[in-house]
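Novice: Sequential numbering of the sequence shown, starting at 470, is according to the working numbering. Beta carbons are placed, not taken as given, at the ideal position from N, Cα and C, and that holds for glycine.
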Amino acid sequence: MENTLGLEIIEVVEQAAIASARWMGKGEKNTADQVAVEAMRERMNKIYMRGRIVIGEGERDDAPMLYIGEEVGICTQPDAKDFCNPDELIEIDIAVDPCEGTNLVAYGQNGSMAVLAISEKGGLFAAPDFYMKKLAAPPAAKGKVDINKSATENLKILSECLNRSIEELVVVVMKRDRHNELIKEIREAGARVRLISDGDVSAAISCGFMGTNIHALMGIGAAPEGVISAAAMRCLGGHFQGQLVYDPAIVKTGLIGESKESNVERLTSMGITDPDKVYDADELASGKTVLFAACGITPGTLMEGVRFFHGGARTQSLVISNQSRTVRFVDTIHMLSEDIPALQLR
Ligand code: VTB
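#1: Got a sec? Which residues, its chain only, sit under 6 Å from E540 by beta carbon, not counting five neighbours each side?
#2: Where does the unbroken alpha helix (DSSP H) through D551 begin, and where does it stop?
#3: Since P693 is in the alpha helix (DSSP H), which residue starts that stretch and which ends it?
#4: Find the nearest neighbour of I802 within the set K611, R794, G774 and N791, judged by alpha-carbon distance.
#5: So for S671, helix, strand or coil by DSSP?
#6: Express the C-alpha separation of G680 and A782 in angstroms, rounding to a whole number.
#7: Give the single residue among L535, D562, A610 and D615 whose Cα lies nearest to the Cα of K590.
#8: May I ask you to verify whether the segment 681–697 touches the segment 725–743, counting CB pairs closer than 8 Å and requiring at least 3?
#9: Which value, in whole angstroms, describes the spacing of the CA atoms of G769 and S738?
#10: Between G668 and the rest of its own chain, which residues show a CB-CB distance below 7 Å, the 5 nearest in sequence each way excluded?
#11: Give the C-beta separation of R519 and V481 to the nearest angstrom, bearing in mind that I take them to be a contact with Cβ-Cβ under 8 Å.
#12: Quick check: the segment 604–622 against the segment 790–808, are at least 3 beta-carbon pairs closer than 8 Å?
#13: Specify, as a first and last residue, the run of the beta strand (DSSP E) that D749 falls within.
#14: List in chain order: all unbroken alpha helix (DSSP H) runs of 4+ residues lying wholly within the segment 569–638.
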């Protein structure tokens with residue numbers, strides 16, 4: 470799977486990032502998202518594959534493109550049998566977030582990216598559009614920190630695993646009222662908090678790398694993006710746990726129904742019989758083969774953002790594979806017009 474897809478999925482996230490970056494700082498988050506969706510879908514449909522969106526823009530009714538269940542790839546097109554051999558094609562599942570951190574793009578802030586994860590059929594947890602309590606930490610703390618423990622306990626464990634004092638730890642938390650108690654607890658325990666307005670996927674994955682000065686992600690974000698974060702962390706060997714949040718008393722948006730009971734019913738109808746289950750990275754991204762790709766839209770901890778120049782653009786992407794056990798940072802110059810005075814070397 471990797472040989473055929475590796476390079477192509479870089480282009481998928483690059484195209485989405487470039488399209489979205491044109492809307493950076495324009496205050497229009499829906500457009501920044503929509504153009505990324507269109508670009509991602511267009512490029513995906515040129516790949517020799519038979520793919521199915523398992524995490525996307527939502528149910529078909531509210532998302533015309535990259536909706537859950539949509540088939541993508543050349544081999545899903547109506548005339549596919551003319552040039553695709555169904556016997557040599559494996560079916561793959563795809564989780565996408567063409568513009569992770571739409572507000573960040575709209576307001577020109579750091580940390581947004583186009584991102585996707587791929588696995589063989591059934592290899593990614595089809596998370597409902599609910600919230601998820603998340604805990605991410607570096608590989609050294611994998612299986613040692615635990616989402617069921619308090620933030621204070623986890624910080625003690627982290628400090629031991631990383632061989633540094635709690636005061637030297639930095640925890641990323643999304644700035645939301647629902648996290649007020651959590652933030653207070655982390656500060657009282659002695660660690661430092663980096664508050665972000667959006668974009669917890671980037672924060673989770675940053676825990677997988679040394680030198681980012683991010684040692685944990687704690688708090689509640691969206692569930693679908695939790696699966697994408699888990700896919701990357703599974704490949705990186707980092708710690709990731711997620712637990713669905715379905716109680717409107719904890720977080721409430723249009724997505725979460727009015728009552729806890731009706732939400733439990735919805736989860737049951739999706740085959741989730743234990744709504745309080747804590748999932749780890751291996752369960753959220755359980756496939757034998759897991760591929761992850763992201764491209765920075767605005768600059769971030771892991772990647773540069775899209776930089777436009779006369780006639781072109783330069784992007785930086787991250788591609789992680791559990792099969793080849795590689796983490797690639799890909800720096801690309803896109804020659805978007807015929808008329809480019811010169812390419813910038815660095
Ligand atoms: C967003 C987004 C995050 O969670 O905030 C979202 O920025 C949900 O939280 O990166 P709110 O509804 O409180 O904004 C993420 O999408 C990902 O988990």
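Specialist: Judging by the given coordinates:
#1: Here the question's residue 540 lines up with position 71 in the sequence shown. Contacts found: R521.
#2: As a first step, residue 551 is located in the sequence shown; it is residue number 82 there, counting from the start. Taken as a continuous stretch (DSSP letters only), D551 belongs to no alpha helix (DSSP H), as it is neither H nor E.
#3: Looking up residue 693 in the sequence shown gives position 224. Element bounds for P693: A692 to L705.
#4: As a working mapping, residue 802 is identified with position 333 in the sequence shown. Among K611, R794, G774 and N791, the Cα nearest to that of I802 belongs to G774.
#5: Here residue 671 refers to the residue found at position 202 of the sequence shown. Helix, per DSSP.
#6: Residue 782 sits at position 313 when you count from the first residue of the sequence shown. Residue 680 sits at position 211 when you count from the first residue of the sequence shown. The straight-line gap from Cα to Cα measures roughly 27 Å.
#7: Locating residue 590 in the sequence shown gives position 121, where the first residue counts as 1. Comparing Cα positions, the closest option is D562.
#8: no
#9: Working through the sequence shown from its first residue, we reach residue 769 at position 300. Working through the sequence shown from its first residue, we reach residue 738 at position 269. Each residue's Cα considered, the two are about 38 Å apart.
#10: Start at 1 with the first residue of the sequence shown, and residue 668 comes out as number 199. Cβ neighbours of G668 beyond the five flanking positions: E569, G570, L573, G580 and S581.
#11: Counting from one through the sequence shown, the residue named residue 519 turns up at place 50. Counting from one through the sequence shown, the residue named residue 481 turns up at place 12. Going by Cβ atoms, the distance from R519 to V481 rounds to 15 Å, so no, they are not a contact pair.
#12: no
#13: Taking the first residue of the sequence shown as 1, we reach residue 749 at position 280. Start and end: V747 to D749.
#14: 571–575 and 620–630
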